[in-house]
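For the sequence shown, the numbering used here gives the first residue as 382, with consecutive numbering after it. Note that CB positions come from ideal geometry on N, CA and C, so glycine has one too. Here the structure is a predicted model, which means the values were calculated and not measured. Right, one structure below, let's go through it.
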Amino acid sequence: MKKWKITPGGEPVLILAHNYVRPEVQKEADHVGDSLELAKIAREIRNGTIILAGVGFMAEMAAILSPTSRVIHPEPFSQCAMATRLNPDILEKAREAHQGVPVVTYVNSSAQIKACSDICCTSANAVRVVESLGVPRVLFTPDRNLAGYVARKTGITVIPVPEFGCCPVHHTIMGPEILDRKKRYPDAVVLAHPETTEDVQDLADFVGSTSGMVRFVAGKNFRTVIVGTEPGIIPRMRQVSPKTRFIPASSFSTCPDMKMITLAKIKQAIMNEGPVVTIDPLVASGARRALERMMAVP
Ligand code: SF4
Numbered sequence: 382m383k384k385w386k387i388t389p390g391g392e393p394v395l396i397l398a399h400n401y402v403r404p405e406v407q408k409e410a411d412h413v414g415d416s417l418e419l420a421k422i423a424r425e426i427r428n429g430t431i432i433l434a435g436v437g438f439m440a441e442m443a444a445i446l447s448p449t450s451r452v453i454h455p456e457p458f459s460q461c462a463m464a465t466r467l468n469p470d471i472l473e474k475a476r477e478a479h480q481g482v483p484v485v486t487y488v489n490s491s492a493q494i495k496a497c498s499d500i501c502c503t504s505a506n507a508v509r510v511v512e513s514l515g516v517p518r519v520l521f522t523p524d525r526n527l528a529g530y531v532a533r534k535t536g537i538t539v540i541p542v543p544e545f546g547c548c549p550v551h552h553t554i555m556g557p558e559i560l561d562r563k564k565r566y567p568d569a570v571v572l573a574h575p576e577t578t579e580d581v582q583d584l585a586d587f588v589g590s591t592s593g594m595v596r597f598v599a600g601k602n603f604r605t606v607i608v609g610t611e612p613g614i615i616p617r618m619r620q621v622s623p624k625t626r627f628i629p630a631s632s633f634s635t636c637p638d639m640k641m642i643t644l645a646k647i648k649q650a651i652m653n654e655g656p657v658v659t660i661d662p663l664v665a666s667g668a669r670r671a672l673e674r675m676m677a678v679p
């Protein structure tokens, strides 16, 4: 552990970083992963100090799943643009319109939305989570593209809430741009995140979470891979497939909120021992129920 990972109070600090943060932050982290991997690690930590290098909902999740730990989010303004578009009123109206239909919530959402949901999911386990419910219809928040992906994979009716919820970063990835890159690199393999639109997913050789993408390219030695997600994942891909040329599918798919987490802010947060994430206990307990239910899905 590096020297600056100790707080002035002498506490060791564990840094959990998402695949999309800056490479220099990933390099200093104790663990790098997707939302599900980070949530699983946080859940195992007792009485620790965690720096969550990612957007706000990830820091909230760590605080919910590791209630005895102190979770520090180095930049509270770093928030997921998709998560901020859904509020509990919209979800409540959808529940009223579809009474008895369970609500599945993608973890890219606020703790409040999780607390109003039956179960959570990530892009890595969304299909399994929805299938585990054994119902013909679900409400799905807040990403309509992941909802569509799950519907196509399962044959279940998946109703997106809100109707047009999406990640603005993944929406910059366009089919024509991928086709253009394919013209230049005809042997290229295309990867797409399920937050991309259906036409992009249709062009892909593999659709899955960021960690799924890393596993897909590991050891394969593809000559060229077009990466249809936030390009922060590329250094992790290079580690498992060093000879492959990785090309972002879009020139504009950088998530500005993920890049707000810098090493300087992390150092400052360790010095200040904050800002610490706090969540209303009732909200935290409701969100924990939905998250734990997800974790129990095999
Ligand atoms: S890439 Fe999209 S879903 Fe991920 S944090 Fe950024 S805005 Fe949210």
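> Taking the C-alpha atoms as reference points, what is the distance between I651 and D411?
Replying inline: On the sequence shown, position 270 is the one that residue 651 refers to. On the sequence shown, position 30 is the one that residue 411 refers to. The straight-line gap from Cα to Cα measures roughly 15 Å.
> Are the stretch 508-517 and the stretch 487-494 touching, with three or more C-beta to C-beta distances below 8 Å?
Replying inline: No, they do not touch.
> Between V598, Y487, P393 and L467, which lies nearest to F545 when the distance is taken from Cα to Cα?
Replying inline: One-based indexing of the sequence shown puts residue 545 at position 164. Of the listed residues, the one whose Cα sits closest to F545 is L467.
> CB of P393 to nearest heavy atom of the ligand SF4: below 7 Å?
Replying inline: Taking the first residue of the sequence shown as 1, we reach residue 393 at position 12. No - the ligand SF4 has no heavy atom lying nearer than 7 Å to the Cβ of P393.
>> Assuming the contact rule is C-beta atoms closer than 8 Å, M641 and I500 should be a hit. Round their C-beta distance to whole Å, please.
In response: In the sequence shown, residue 641 corresponds to position 260, counting from 1. In the sequence shown, residue 500 corresponds to position 119, counting from 1. With 8 Å as the limit, M641 and I500 do not qualify as a contact, their Cβ atoms being about 30 Å apart.
>> Measuring straight from C-alpha to C-alpha, what distance separates S666 and A496?
In response: Translated into positions along the sequence shown, residue 666 becomes position 285. Translated into positions along the sequence shown, residue 496 becomes position 115. If you take the alpha carbons of S666 and A496, they lie about 7 Å apart.
> Should M442 be listed as close to the ligand SF4, given that the test is whether its C-beta is under 7 Å from any heavy atom?
Replying inline: Counting from 1 along the sequence shown, the entry for residue 442 is found at position 61. Checking every heavy atom of the ligand SF4 against the Cβ of M442, none is found closer than 7 Å.
> Which whole-angstrom value is the C-beta distance of R562 and I607, which I expect to be below 8 Å?
Replying inline: Taking the first residue of the sequence shown as 1, we reach residue 562 at position 181. Taking the first residue of the sequence shown as 1, we reach residue 607 at position 226. Between I607 and R562 the Cβ distance is about 5 Å, and since that is below 8 Å, they are a contact.
> If you draw a straight line from the C-alpha of R680 to the C-alpha of T577, how long is it?
Replying inline: Since the first residue shown for the chain is 382 and the last is 679, residue 680 is missing from the structure and cannot be characterised.
>> Could you check if M555 belongs to the surroundings of the ligand SF4, using beta carbon to heavy atom distance under 7 Å?
In response: Here residue 555 refers to the residue found at position 174 of the sequence shown. Result no, Cβ not under 7 Å from the ligand SF4.
> Expressed to the nearest angstrom, what Euclidean distance is found between the alpha-carbon atoms of V485 and G437?
Replying inline: Your numbering for residue 485 matches position 104 in the sequence shown. Your numbering for residue 437 matches position 56 in the sequence shown. When rounded, the distance between both Cα atoms is 20 Å.
> Curious, which full-length alpha helix (DSSP H) runs of at least 4 residues does the stretch 403-440 contain?
Replying inline: 404-409 and 416-424
>> Could you pull the DSSP bridge partners for A573 from this structure?
In response: Numbered from its first residue, the sequence shown carries residue 573 at position 192. Paired residues: V588 and G609.
> Heavy atom of the ligand SF4 less than 7 Å from the Cβ of M652, yes or no?
Replying inline: By 1-based counting over the sequence shown, the position of residue 652 is 271. No, the beta carbon of M652 sits no closer than 7 Å to any heavy atom of the ligand SF4.
>> Let me check you understand the geometry: is the CB of M639 closer than 7 Å to at least one non-hydrogen atom of the ligand SF4?
In response: Counting from 1 along the sequence shown, the entry for residue 639 is found at position 258. Set against 7 Å, the gap from the CB of M639 to the closest heavy atom of the ligand SF4 is smaller.
>> If I follow the unbroken beta strand (DSSP E) through A398, where does it start and stop?
In response: Taking the sequence shown and counting its residues from 1, the one referred to as residue 398 is at position 17. L395 to H399 is the extent of the beta strand (DSSP E) around A398.
> Residues in its own chain within less than 8 Å of I647 by CB, not counting five upstream and five downstream?
Replying inline: Position 266 of the sequence shown, counting from 1, holds the residue named residue 647. For I647, the CB contacts under 8 Å within the same chain, skipping 5 residues up- and downstream, are I396, V406, E409, I432, A434 and P455 in chain order.
> What did DSSP end up calling P448 once you bin it into helix, strand or coil?
Replying inline: Translated into positions along the sequence shown, residue 448 becomes position 67. Three-state result, P448: coil.
> For T659, which of F627, T449 and I554 has the nearest alpha-carbon?
Replying inline: Here residue 659 is taken as the residue at index 278 of the sequence shown, counted from 1. Minimum Cα distance to T659 is reached at T449.
> What are the residues that DSSP puts in a beta bridge with I540?
Replying inline: Within the sequence shown, residue 540 is the residue found at index 159, counting from 1. I540 is bridged to L520.
> How many Å lie between S447 and R424 at the Cα?
Replying inline: Here residue 447 refers to the residue found at position 66 of the sequence shown. Here residue 424 refers to the residue found at position 43 of the sequence shown. Going by the C-alpha atoms only, they are around 5 Å apart.
> CB-CB under 8 Å to A599, same chain, minus the five flanking residues each way: which ones, in chain order?
Replying inline: Position 218 of the sequence shown, counted from the first residue, corresponds to residue 599. Taken in chain order, the residues that qualify are V621 and S622.
>> Tell me which residue opens and which closes the beta strand (DSSP E) that V485 is part of.
In response: On the sequence shown, position 104 is the one that residue 485 refers to. V485 -> beta strand (DSSP E) spans V484 to Y487.
> Where do the N-terminal and C-terminal ends of the alpha helix (DSSP H) with P557 fall, by residue?
Replying inline: Position 176 of the sequence shown holds residue 557. Start and end: G556 to R565.
> Which stretch, first to last residue, makes up the alpha helix (DSSP H) that contains P662?
Replying inline: Mapped onto the sequence shown, residue 662 falls at position 281. P662 to M676 is the extent of the alpha helix (DSSP H) around P662.
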